[in-house]
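Student: Its first residue numbered 12, the sequence shown is counted upward by one per residue in my numbering.
For reference, the structure I am asking about is given below.
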Amino acid sequence: MIKDNRGQISLEYLLIFSISLIIITVFSLPLLHESMDNTFDVSDSLKAKADLSNIAQAIKHVYGEGQGSKRVVKLDISLPVKISVAGDHVSSKIKLKNGESKTIKIYVNSKLKRDDFNLGKGRHEMIVEWPIGDEHMKIYQK
(Lines of atoms letter the chains of each structure in order from A; the text may use other names.)
(Lines give C-alpha, C1' and ligand atoms only; values in the text may rest on other atoms or scores of the structure.)
Protein backbone atom coordinates (compact mmCIF):
# COMPACT_ATOMS: atom_id res chain seq x y z
CA MET A 12 0.00 0.00 0.00
CA ILE A 13 2.84 2.41 0.71
CA LYS A 14 4.42 1.75 -2.70
CA ASP A 15 1.10 2.49 -4.43
CA ASN A 16 0.92 5.83 -2.63
CA ARG A 17 4.41 6.80 -3.77
CA GLY A 18 3.62 5.76 -7.33
CA GLN A 19 0.55 7.95 -7.30
CA ILE A 20 2.60 10.93 -6.05
CA SER A 21 5.18 10.37 -8.82
CA LEU A 22 2.42 10.18 -11.43
CA GLU A 23 0.81 13.38 -10.13
CA TYR A 24 4.22 15.11 -10.14
CA LEU A 25 4.84 14.07 -13.76
CA LEU A 26 1.34 15.20 -14.79
CA ILE A 27 1.73 18.61 -13.11
CA PHE A 28 5.21 19.03 -14.61
CA SER A 29 3.94 18.15 -18.10
CA ILE A 30 1.01 20.56 -17.89
CA SER A 31 3.29 23.34 -16.61
CA LEU A 32 5.72 22.71 -19.47
CA ILE A 33 2.90 22.85 -22.04
CA ILE A 34 1.56 26.12 -20.57
CA ILE A 35 5.02 27.72 -20.60
CA THR A 36 5.56 26.60 -24.20
CA VAL A 37 2.19 27.92 -25.37
CA PHE A 38 2.91 31.38 -23.94
CA SER A 39 6.60 31.66 -24.80
CA LEU A 40 6.60 30.46 -28.44
CA PRO A 41 4.64 33.42 -29.87
CA LEU A 42 6.89 35.84 -27.98
CA LEU A 43 9.97 34.03 -29.25
CA HIS A 44 8.65 34.11 -32.82
CA GLU A 45 7.98 37.86 -32.62
CA SER A 46 11.41 38.62 -31.18
CA MET A 47 13.11 36.53 -33.87
CA ASP A 48 11.20 38.42 -36.59
CA ASN A 49 12.30 41.73 -35.07
CA THR A 50 15.89 40.52 -34.92
CA PHE A 51 15.81 39.47 -38.58
CA ASP A 52 14.29 42.84 -39.54
CA VAL A 53 17.12 44.68 -37.78
CA SER A 54 19.69 42.44 -39.44
CA ASP A 55 18.17 42.99 -42.92
CA SER A 56 18.01 46.75 -42.31
CA LEU A 57 21.66 46.91 -41.26
CA LYS A 58 22.75 44.84 -44.26
CA ALA A 59 20.80 47.09 -46.66
CA LYS A 60 22.24 50.19 -44.99
CA ALA A 61 25.77 48.82 -45.32
CA ASP A 62 25.23 48.13 -49.04
CA LEU A 63 23.80 51.62 -49.58
CA SER A 64 26.70 53.09 -47.64
CA ASN A 65 29.19 51.34 -49.95
CA ILE A 66 27.44 52.79 -52.99
CA ALA A 67 27.27 56.25 -51.37
CA GLN A 68 31.00 56.13 -50.53
CA ALA A 69 31.81 55.30 -54.15
CA ILE A 70 29.60 58.19 -55.36
CA LYS A 71 31.28 60.60 -52.93
CA HIS A 72 34.72 59.38 -54.00
CA VAL A 73 34.00 59.81 -57.72
CA TYR A 74 32.37 63.20 -57.13
CA GLY A 75 35.37 64.33 -55.13
CA GLU A 76 37.89 63.24 -57.75
CA GLY A 77 35.96 64.85 -60.59
CA GLN A 78 35.70 63.94 -64.25
CA GLY A 79 37.59 60.89 -65.43
CA SER A 80 37.26 58.96 -62.17
CA LYS A 81 35.65 55.56 -61.71
CA ARG A 82 34.86 53.30 -58.78
CA VAL A 83 33.63 49.67 -58.64
CA VAL A 84 31.45 48.56 -55.72
CA LYS A 85 30.99 44.85 -55.01
CA LEU A 86 27.76 43.94 -53.24
CA ASP A 87 26.58 40.65 -51.78
CA ILE A 88 22.79 40.95 -51.64
CA SER A 89 20.95 38.53 -49.33
CA LEU A 90 17.40 39.58 -50.33
CA PRO A 91 16.13 41.03 -53.63
CA VAL A 92 16.15 44.81 -53.35
CA LYS A 93 15.39 47.91 -55.40
CA ILE A 94 18.01 50.64 -55.06
CA SER A 95 17.09 54.18 -56.09
CA VAL A 96 19.81 56.68 -56.93
CA ALA A 97 19.21 60.42 -57.22
CA GLY A 98 21.38 63.53 -57.17
CA ASP A 99 21.06 63.99 -53.43
CA HIS A 100 20.51 60.50 -52.01
CA VAL A 101 20.72 56.73 -52.40
CA SER A 102 17.73 54.85 -51.01
CA SER A 103 16.17 51.44 -50.73
CA LYS A 104 12.84 50.21 -49.43
CA ILE A 105 12.86 46.91 -47.56
CA LYS A 106 9.88 44.87 -46.49
CA LEU A 107 9.69 43.93 -42.82
CA LYS A 108 8.36 40.64 -41.47
CA ASN A 109 5.18 42.30 -40.14
CA GLY A 110 4.23 43.46 -43.67
CA GLU A 111 5.30 47.08 -43.26
CA SER A 112 8.11 48.61 -45.28
CA LYS A 113 11.04 50.75 -44.22
CA THR A 114 12.92 53.23 -46.39
CA ILE A 115 16.64 53.58 -45.82
CA LYS A 116 18.16 56.74 -47.27
CA ILE A 117 21.77 57.98 -47.37
CA TYR A 118 22.39 61.52 -48.56
CA VAL A 119 25.19 62.32 -51.03
CA ASN A 120 26.24 65.26 -53.20
CA SER A 121 26.58 64.13 -56.78
CA LYS A 122 25.79 64.85 -60.37
CA LEU A 123 23.79 61.67 -60.92
CA LYS A 124 20.51 61.44 -62.76
CA ARG A 125 17.68 59.60 -61.08
CA ASP A 126 17.90 55.85 -61.69
CA ASP A 127 16.58 52.61 -60.15
CA PHE A 128 18.26 49.22 -59.95
CA ASN A 129 16.54 45.94 -59.16
CA LEU A 130 19.14 43.63 -57.68
CA GLY A 131 18.38 39.99 -57.07
CA LYS A 132 19.90 37.76 -54.46
CA GLY A 133 23.61 37.15 -55.01
CA ARG A 134 26.78 39.05 -55.92
CA HIS A 135 26.64 42.22 -57.99
CA GLU A 136 29.08 44.86 -59.17
CA MET A 137 27.98 48.47 -59.44
CA ILE A 138 30.16 50.91 -61.34
CA VAL A 139 30.14 54.63 -60.58
CA GLU A 140 32.00 56.80 -63.06
CA TRP A 141 32.20 60.37 -64.28
CA PRO A 142 33.33 60.33 -67.91
CA ILE A 143 35.59 63.11 -69.13
CA GLY A 144 33.61 65.87 -70.86
CA ASP A 145 30.27 64.64 -69.51
CA GLU A 146 28.21 66.83 -67.21
CA HIS A 147 26.61 63.94 -65.32
CA MET A 148 28.04 60.97 -63.46
CA LYS A 149 26.88 57.49 -64.42
CA ILE A 150 26.06 54.48 -62.30
CA TYR A 151 25.36 51.09 -63.79
CA GLN A 152 25.48 47.40 -63.05
CA LYS A 153 28.26 45.34 -64.56
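Note that the Cβ used here is the ideal one computed from N, Cα and C, for glycine as well.
Provide the residue span of the beta strand (DSSP E) that contains Asn120, from first to last.
Tutor: Counting along the chain, Asn120 falls outside any beta strand (DSSP E), and DSSP gives it neither H nor E.
Student: Counting beta carbon pairs with one atom in the segment 85 to 98 and one in the segment 29 to 42, are three or more of them shorter than 8 Å?
Tutor: By the Cβ test, the segment 29 to 42 is not in contact with the segment 85 to 98, since fewer than three Cβ pairs between them sit closer than 8 Å.
Student: With DSSP as the reference, identify every bridge partner of Asn49, one or two as the case may be.
Tutor: In the DSSP output, where bridge partners are listed per residue, Asn49 has none listed.
Student: In chain order, what residues of the same chain have a beta carbon less than 7 Å from the beta carbon of Met12, not counting five sequence neighbours either side?
Tutor: Note that Met12 scores a pLDDT of 44, beneath 50, so its modelled location is shaky and nothing firm can be said.
Student: Look up Ile94 in the DSSP assignment and say whether it is helix, strand or coil.
Tutor: It is a strand residue.
Student: Would you mind reading off the limits of the beta strand (DSSP E) that contains Met137?
Tutor: Gly133 to Glu140
Student: Please name the residue, chosen from Asp52, Leu43, Gly110 and Leu42, that lies closest to Ser89 on a Cα-to-Cα basis.
Tutor: Asp52
Student: When burial is assigned at 16 or more other CB atoms within 10 Å of the CB, is Met137 buried or exposed?
Tutor: Label assigned to Met137: buried.
Student: For Lys104, which residues does DSSP report across the bridge?
Tutor: According to DSSP, Lys104 bridges with Thr114.
Student: Can you have a look at Ile66 and say buried or exposed, based on whether 16 or more other CB atoms are within 10 angstroms of its CB?
Tutor: Looking at its Cβ environment, which holds 16 or more other Cβ atoms inside 10 Å, Ile66 is buried.
Student: Between the beta-carbon of Val119 and the beta-carbon of His100, is there less than 8 Å?
Tutor: yes
Student: Going straight from the alpha carbon of His147 to that of Val37, what length do you get?
Tutor: 59 Å
Student: Please determine if the segment 104 to 111 and the segment 39 to 56 are in contact, where contact requires at least 3 C-beta pairs separated by less than 8 Å.
Tutor: yes
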